[in-house]
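Working notes, beginning with the structure itself.
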Ligand code: SF4
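Residue numbers (the numbering used here): 59 to 451.
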């Protein structure tokens with residue numbers, strides 16, 4: 059099997075030093091007709107500059123409204139292997155931790171019922187299985203679920219929450235990202251599997267402002283670890299960095315986005331009241347600087363990639379929240395946000411867009427949060443200040 063098609067255009071994408079998706083599809087094409095026909099169709103698309111995928115019909119598994127995205131070739135006679143080529147989203151483990159054994163098991167099942175092609179991972183976070191047929195869906199799902207795997211979210215639903223590796227591997231994790239991710243995933247199971255929202259809702263959890271899951275750019279609800287007290291400074295280690303040739307003024311002090319640092323050639327100081335906990339200095343001087351000890355998370359809302367309106371970054375709604383299992387305070391807040399959005403949004407309107415339309419005031423009232431100075435749209439530029447009737451009397 060495999061090698062049915064000449065692919066001069068795709069072959070170009072194998073040149074150069076980088077891994078190539080073409081090489082991987084060619085490997086799979088040796089085993090499955092699906093992957094081989096996929097190769098043929100993609101080559102054709104590159105030649106004609108047209109896409110040949112079409113959506114149509116609702117496909118899924120019994121009891122679930124999401125998790126499978128129906129996909130069909132519009133050229134089924136030419137490429138019969140991909141007449142059906144549905145995408146299946148498997149809910150990834152928190153922090154993307156797999157054992158080799160579990161990966162083998164996932165792939166053995168996938169080789170049996172699908173194209174063998176995967177996307178590890180989709181931008182929401184799921185383990186994406188690319189290409190299976192309608193008749194294989196139930197049996198595929200039955201095999202995965204009998205081994206403890208579940209489908210992720212798709213459509214107008216809670217999307218599969220995701221998180222950074224957090225305390226499992228990273229000394230900067232201010233919160234237990236993996237536990238939070240797992241808890242909210244379990245808590246919103248119904249909303250994940252049965253789309254009932256105006257549009258998608260994504261939750262991402264990062265252990266600190268380095269934000270290795272890009273929560274601030276991609277999640278409707280971003281939970282980002284931070285601390286409340288002062289950055290801990292070891293001046294002896296600061297000296298070692300200077301002795302080793304680091305230009306502390308240029309690389310650290312001048313790069314501080316809030317200009318809250320100073321260095322006189324001997325002592326490094328931080329004006330912690332002005333610090334925005336951005337992690338720049340701590341990430342650069344790992345031995346000299348440490349986060350404070352009072353840890354929790356900032357809760358931000360509203361980011362999305364561009365579809366209806368342009369892209370949005372999240373902005374702070376709760377500057378500091380303590381987060382201890384089972385994270386009821388976080389779930390309560392998320393419930394209030396979702397309820398307001400669900401009641402007010404047009405179809406395909408994300409929560410950030412709705413806040414842009416309706417304003418911050420009704421949103422904060424709905425989630426029962428008082429306006430605070432940290433709720434700025436862009437740092438130091440745009441405080442939300444609410445006039446009420448009584449201010450004019
Ligand atoms: Fe570590 Fe922060 Fe990255 Fe999480 S986001 S892995 S805590 S650096």
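We put the beta carbon where it would ideally sit given N, CA and C, even for glycine.
DSSP places residue 145 in the strand class (E or B) of the three-state scheme. By the C-beta density criterion, residue 390 is exposed, having fewer than 16 other C-beta atoms within 10 angstroms.
Of the heavy atoms belonging to ligand 1, at least one sits nearer than 8 Å to the Cβ of residue 265.
If you check the C-beta of residue 192 against ligand 1, you find no heavy atom less than 8 Å away.
Taking 8 Å as the cut-off, the C-beta of residue 235 counts as close to a heavy atom of ligand 1. Scanning its chain for C-beta atoms nearer than 7 Å, with the 5 sequence neighbours on each side dropped, one finds around residue 234 the residues 224, 225, in chain order.
Taking residue 269 as reference, the option from 221, 426, 404, 240 with the minimal CA-CA separation is 221. Residues of the same chain with a CB within less than 6 Å of the CB of residue 319, apart from the 5 flanking positions on each side, are 311, 328 in chain order.
CA-CA distance, residue 250 to residue 238, rounds to 16 Å.
Checking the 8 Å criterion, the Cβ of residue 231 is within range of a heavy atom belonging to ligand 1. Residue 276 has its CB no nearer than 8 Å to any heavy atom of ligand 1.
Residue 178 sits exposed, since fewer than 16 C-beta atoms from the chains shown fall within 10 Å of its C-beta. For residue 354, the enclosing beta strand (DSSP E) covers residues 353-359. For residue 377, the enclosing beta strand (DSSP E) stretches over residues 373-379. Assignment of residue 221 by DSSP, reduced to helix, strand and coil, places it in the strand class. Annotation: residue 347 to residue 93 spans about 50 Å, alpha carbon to alpha carbon. Taking 9 Å as the cut-off, the beta carbon of residue 152 is found no closer than this to the beta carbon of residue 67.
Per DSSP, residue 328 is one residue of the beta strand (DSSP E) stretching across 326-328. Distance from residue 284 to residue 354 at the Cβ level is roughly 7 Å; contact confirmed, criterion being Cβ atoms closer than 8 Å.
Only residues of its own chain outside the window of five on either side were considered, and among them 78, 79, 80 have a CB closer than 8 Å to the CB of residue 71, listed in chain order. Of all C-beta pairs linking the stretch 358-374 to the stretch 288-296, fewer than three are shorter than 8 Å, placing the two stretches out of contact. By a beta-carbon distance limit of 8 Å, residue 359 does not contact residue 422. Their separation comes to about 10 Å.
For the options 253, 113, 324, the alpha carbon positioned closest to that of residue 406 is the one of 253. In the structure shown, the three-state DSSP call for residue 177 is strand. Excluding its 5 nearest sequence neighbours in each direction, residue 424 has C-beta neighbours in its own chain below 7 Å: 394, 398, listed in chain order. By the neighbour-count definition (other C-beta atoms within 10 Å, threshold 16), residue 142 is a buried residue.
Taken through DSSP and simplified to helix, strand or coil, residue 131 comes out as strand.
Not one heavy atom of ligand 1 lies closer than 8 Å to the C-beta of residue 89. Residue nearest to residue 227 within the set 154, 118, 342, 122 is 154 (criterion: CA-CA distance). Looking from the CA of residue 240, the closest CA among 62, 384, 201, 86 belongs to 384.
Under the Cβ criterion (8 Å, minimum of three pairs), the stretch 403-420 counts as touching the stretch 254-262. With a cut-off of 8 Å, the C-beta of residue 434 is classified as distant from ligand 1, since no heavy atom of the ligand falls inside that distance.
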